[in-house]
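A.B. asks: I'd like to ask you about the structure that follows.
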Amino acid sequence: MDLNRILDRIIKIIQSSLTVSAFRKTHGFCFHDLWDLLKKSNDEAKLSKLEKKFDALEMYEEEPMDNYLGRVVEGFEKSGNPK
């Protein structure tokens with residue numbers, strides 16, 4: 000298999016993982032452009048998930064502040080860097 004055929008197959012695989020609206024925008028994109036789009040979408044999804052986790056954090060009734068902050072820090076450490 001030559002390099003162009005391999006890249007064409009990779010592009011099709013990447014396009015298949017995109018939403019329909021994102022896929023329509025990719026016509027004529029090269030491999031690098033598609034990879035960047037996929038990576039950006041993944042980063043945005045991670046950030047959105049992290050925001051939802053943060054919004055869901057509540058301090059329990061009569062919970063010491065140290066415990067609450069420990070849970071907050073632990074949650075962010077488990078999530079890692081979203082970018």
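32 is the number that numbering that gives the first Met the number 0 gives to position 33 of the sequence shown; each next residue is one higher, with no gaps.
For each residue, glycine too, the CB sits at the ideal point set by N, CA and C.
Under 8 angstroms, do PHE28 and ILE9 count as touching if we go by C-beta distance?
C.D. replies: As a first step, residue 28 is located in the sequence shown; it is residue number 29 there, counting from the start. As a first step, residue 9 is located in the sequence shown; it is residue number 10 there, counting from the start. No. Outside cutoff.
A.B. asks: Buried or exposed: which applies to GLY33, given that a residue is buried once 16 or more other Cβ atoms fall within 10 Å of its Cβ?
C.D. replies: Taking the first residue of the sequence shown as 1, we reach residue 33 at position 34. Correcting the residue type first, residue 33 is Leu in the shown sequence and not Gly. Classification for LEU33: buried.
A.B. asks: Using the three-state DSSP reduction, which class does ASP1 fall into: helix, strand or coil?
C.D. replies: Your numbering for residue 1 matches position 2 in the sequence shown. Residue state, collapsed to three classes: coil.
A.B. asks: Assign SER16 to one of three DSSP states: helix, strand, or coil.
C.D. replies: Mapped onto the sequence shown, residue 16 falls at position 17. Here SER16 sits in coil by DSSP.
A.B. asks: May I have the straight-line CA-CA distance separating ALA21 from LEU36, to the nearest angstrom?
C.D. replies: For the purposes of this step, residue 21 is identified with residue 22 of the sequence shown, where counting begins at 1. For the purposes of this step, residue 36 is identified with residue 37 of the sequence shown, where counting begins at 1. Those two C-alpha atoms are separated by around 9 angstroms.
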